[in-house]
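Per this note's numbering, the sequence shown starts with residue 4, numbered consecutively.
All residues carry an ideal CB built from backbone N, CA and C; glycine is no exception.
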Amino acid sequence: MRIDELTGPKFEELGPRLAFLPVGSVERHGDHLPLGTDTIIAEHLARELASRTNGILLPTIPYGPCIALRDYPGTFDVDWEALYRYVLSVLREAARNGLKKVVIVNGHGGNTNVLKFAARRASIEHDMQIVVFDWWRDVAQDVRKELFPHPGHAGEDETSVLLAIRPDLADMDRADANEAPHPTLSLYSPSTYREVFVKPLIGDARKADPERGRKLLDAVIEEVLDFLREWKMI
Ligand SMILES: [Zn+2]
Numbered sequence: 004m005r006i007d008e009l010t011g012p013k014f015e016e017l018g019p020r021l022a023f024l025p026v027g028s029v030e031r032h033g034d035h036l037p038l039g040t041d042t043i044i045a046e047h048l049a050r051e052l053a054s055r056t057n058g059i060l061l062p063t064i065p066y067g068p069c070i071a072l073r074d075y076p077g078t079f080d081v082d083w084e085a086l087y088r089y090v091l092s093v094l095r096e097a098a099r100n101g102l103k104k105v106v107i108v109n110g111h112g113g114n115t116n117v118l119k120f121a122a123r124r125a126s127i128e129h130d131m132q133i134v135v136f137d138w139w140r141d142v143a144q145d146v147r148k149e150l151f152p153h154p155g156h157a158g159e160d161e162t163s164v165l166l167a168i169r170p171d172l173a174d175m176d177r178a179d180a181n182e183a184p185h186p187t188l189s190l191y192s193p194s195t196y197r198e199v200f201v202k203p204l205i206g207d208a209r210k211a212d213p214e215r216g217r218k219l220l221d222a223v224i225e226e227v228l229d230f231l232r233e234w235k236m237i
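Right, here's the structure in full:
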């Protein structure tokens, strides 16, 4: 159920239940994937999870901080402070409307820390139970390592998943590869961003395969459902 498609009385009848909030980005993903790839994947997972748990799907937040790829046309690098305040407000309003259990499905690395800070604060201030997860690294790790030993950005793994959801939006004739250096600690500098992103992707998108993408999506959904059962959120 999408909250934005419910009438007021229907929403009132539903009562408290688990809510899912997808958060994505508008960011360059190689030359072959749509700019909203992170949004599309997060929204897909949140929709599937909501339907499997009889939960409520909240409207997606489609922008996030994208510093590393801001020089590539199509990237909207939104201030993290703005995202923090916005997510905190949405969580507060969810709680005020009786939705005190929220799962934030994150599709974009630049959002991760911001979402975790907002979730921590909202949980204390509004007595909420909030889960935050990055679909590509927090869950189904064994399956992912087996299917995609070389994770990237718009590379083999993310391209496979996008192809499993919206193949019509990909332009695989333009799929490319970039074996970028990988700093082992957090290293922030404009020259490093340029060195890593000599092209707007990491990994080898040419090896993408929608069947493996589908398997990873299924594993992510199953593991999140297991987690929600384990912590008695469903
Ligand atoms: Zn992405």
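Legend entry - Any non-hydrogen atom of ligand 1 within 6 Å of D41 CB: In the sequence shown, counting from the first residue as 1, residue 41 sits at position 38. Checking every heavy atom of ligand 1 against the Cβ of D41, one is found closer than 6 Å.
Inset, instruction - Would you check whether ligand 1 has a heavy atom nearer than 6 Å to the C-beta of E149? - result: As a first step, residue 149 must be located in the sequence shown, where it is residue number 146. The closest heavy atom of ligand 1 lies 6 Å or more from the beta carbon of E149.
Inset, instruction - From the DSSP output, read off the bridge partner residues of A122. - result: As a first step, residue 122 must be located in the sequence shown, where it is residue number 119. A122 is not bridged to any residue.
Legend entry - Residue from D171, P186, E84, M131 whose Cα sits closest to the Cα of L36: The residue labelled residue 36 in the question sits at position 33 within the sequence shown. Among D171, P186, E84, M131, the Cα nearest to that of L36 is on D171.
Inset, instruction - Return helix, strand or coil for H47, following the three-state DSSP convention. - result: Looking up residue 47 in the sequence shown gives position 44. Three-state DSSP puts H47 in a helix.
Legend entry - Alpha-carbon to alpha-carbon, D34 and P154: As a position in the sequence shown, residue 154 is number 151, starting the count at 1. As a position in the sequence shown, residue 34 is number 31, starting the count at 1. The alpha-carbon of P154 is positioned some 18 Å away from that of D34.
Inset, instruction - Say yes only if the C-beta of E159 is nearer than 6 Å to one or more non-hydrogen atoms of ligand 1, and no if none qualify. - result: For the purposes of this step, residue 159 is taken as residue 156 along the sequence shown, with counting starting at 1. Answer for E159: no, Cβ out of range of ligand 1.
Inset, instruction - Rounded to whole angstroms, what's the CA-CA distance from L166 to D179? Just pull it up for me. - result: To locate residue 166, count along the sequence shown from 1; it is residue 163. To locate residue 179, count along the sequence shown from 1; it is residue 176. Between L166 and D179, the C-alpha separation is close to 15 Å.
Legend entry - K104 - containing beta strand (DSSP E), residue span: As a position in the sequence shown, residue 104 is number 101, starting the count at 1. Note, K104: beta strand (DSSP E), 104–109.
Legend entry - Length of the line joining the Cα atoms of E2 and N100: It is not possible to answer for residue 2, since the shown part of the chain is limited to 4 through 237.
Inset, instruction - Return the chain-ordered list of same chain residues with a C-beta closer than 8 Å to the C-beta of K13, the five sequence neighbours on each side being excluded. - result: By 1-based counting over the sequence shown, the position of residue 13 is 10. Closer than 8 Å at Cβ, skipping near neighbours: no residue.
Inset, instruction - On a CA-only basis, which of H32, P62, G58, R55 is nearest E46? Give me that one, please. - result: Along the sequence shown, read from residue 1 onward, the residue named residue 46 stands at position 43. Taking only the C-alpha atoms, the option nearest E46 is P62.
Inset, instruction - Count the other C-beta atoms from every protein chain shown that fall within 10 angstroms of the C-beta of R31, then say buried if there are 16 or more, exposed otherwise. - result: Counting from one through the sequence shown, the residue named residue 31 turns up at place 28. Counting the other Cβ atoms within 10 Å of the Cβ of R31 gives 16 or more, which makes it buried.
Inset, instruction - Could you check which residue in P213, R95, A222 has the C-alpha nearest to that of D141? - result: The count along the sequence shown starts at 1 and reaches residue 141 at position 138. Checked all of P213, R95, A222; the closest Cα to D141 is A222.
Inset, instruction - Entirely within the stretch 17–90 and at least 4 residues each: give me those alpha helix (DSSP H) ranges in chain order. - result: Segments of the alpha helix (DSSP H) lying fully in the stretch 17–90: 40–56.
Legend entry - Residues bridged to H156 (per DSSP): The sequence position of residue 156 within the sequence shown is 153, counting from 1. DSSP, once it has assigned bridges, lists I205 as partnering H156.
Inset, instruction - In the DSSP assignment, find the unbroken alpha helix (DSSP H) run with I133 in it and report its ends. - result: Against the sequence shown, residue 133 aligns to sequence position 130. No alpha helix (DSSP H) contains I133, which is instead part of the beta strand (DSSP E) from 132–137.
Inset, instruction - Quick one: residues in its chain with C-beta nearer than 8 Å to the C-beta of E226, no 5 flanking neighbours on either side, listed in chain order? - result: Translated into the one-based positions of the sequence shown, residue 226 becomes position 223. Excluding positions up to five away in sequence, the list reads V142, A143.
Legend entry - Terminal residues of the alpha helix (DSSP H) in which Y191 lies: For the purposes of this step, residue 191 is taken as residue 188 along the sequence shown, with counting starting at 1. Neither: Y191 is in no alpha helix (DSSP H) and is coded neither H nor E.
Legend entry - Local Cβ density within 10 Å of D41, reported as buried at 16 or more and exposed below that: Locating residue 41 in the sequence shown gives position 38, counting from the first residue. Counting Cβ neighbours within 10 Å, D41 comes out buried, since at least 16 surround it.
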